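Engineer: After the structure tokens below, expect a handful of questions from me.
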Amino acid sequence: MMKTALLASLLSTTAAFAPAQNAKTASALTAEKSPAMPFLPYPENLRGYIGDDIAFDPLRISDYFPMDYLRESEIKHGRICMAAIVGFITTDLGIIIHPLGKGLSSIAAHDVLAEKGVMGNVLLWIGITEMVSYIAVAEMLQGSGREPGYFGFGTKFLEKKSDAEVKKIKYQEIMNGRLAMLAFAGAVTQSVLYEKGFPYF
3 MMKTALLASL LSTTAAFAPA QNAKTASALT AEKSPAMPFL PYPENLRGYI
53 GDDIAFDPLR ISDYFPMDYL RESEIKHGRI CMAAIVGFIT TDLGIIIHPL
103 GKGLSSIAAH DVLAEKGVMG NVLLWIGITE MVSYIAVAEM LQGSGREPGY
153 FGFGTKFLEK KSDAEVKKIK YQEIMNGRLA MLAFAGAVTQ SVLYEKGFPY
203 F
């Protein structure tokens, strides 16, 4: 008798959980999907940021790091690469500013200028810039309200523009930055592997 009662109790407990599991499965299937990758759920931490209409975050990195920090990093790397790809191409076209770089390609210039101590100066100034800029980033992460990527200059291009126009300009900066990161990586790879200058093929 006791065994029968125990078995009935276990079965009723199992049955009680069945509807909840079905509901959870149904909820997962009907949850909002990422427009960029429709087979993955929408990354909720991207909401409210430029690009949330695409919501590309397949590795769910935004679940593990603050979105302000991730966006700051993306904007910074994008801006650096936009300048870098222009400088890389300009140098390979023969337009040289530094006197020690004359006659050198972008790839060859690195080793030559490193031997002459020029790259040490570059590293020093990059280090100073990083230390100063991180003050703004640290304050942002502590809730100062600073917008990622904002350093107080270049805002005149946003004056007298509607919210929609400002959002479009910011969107364009991010998209151009992403393109520049790919372009710079591709140009350097082609230059190193095939020793070819612009247009690198």
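Our numbering puts the last residue of the sequence shown at 203; the count rises by one with no breaks.
Ideal Cβ placement from N, Cα and C applies to all residues, glycine included.
Bear in mind the structure is a predicted one, so any value in this text is a computation, not a measurement.
1) State whether the segment 71-86 contacts the segment 173-180, with contact taken as three or more CB pairs (one from each stretch) at a distance under 8 angstroms.
2) Within 10 Å of its beta-carbon, does residue 153 have 16 or more other beta-carbons around it, so buried, or fewer, so exposed?
3) Grouping DSSP H, G and I as helix and E and B as strand, with all else coil, what is residue 118?
4) Apart from the five residues just before and just after residue 190, which ones in its own chain have a Cβ nearer than 6 angstroms to its Cβ?
5) With a threshold of 8 angstroms, are at least 3 pairs of Cβ atoms found where one atom belongs to the segment 54-73 and the other to the segment 157-169?
6) Near residue 203, what residues of its chain come up, given a Cβ to Cβ distance below 7 angstroms and the 5 sequence neighbours on each side ignored?
7) Using CA coordinates, which residue listed in 109, 83 and 84 is at the minimum distance from residue 95?
8) Let me know if residue 45 comes out buried or exposed under the rule of 16 or more other beta-carbons within 10 Å of its beta-carbon.
9) Could you give the distance in angstroms between the alpha-carbon of residue 65 and the alpha-carbon of residue 103?
Structural biologist: In terms of the structure at hand:
1) yes
2) exposed
3) coil
4) none
5) no
6) 192
7) 109
8) buried
9) 45 angstroms
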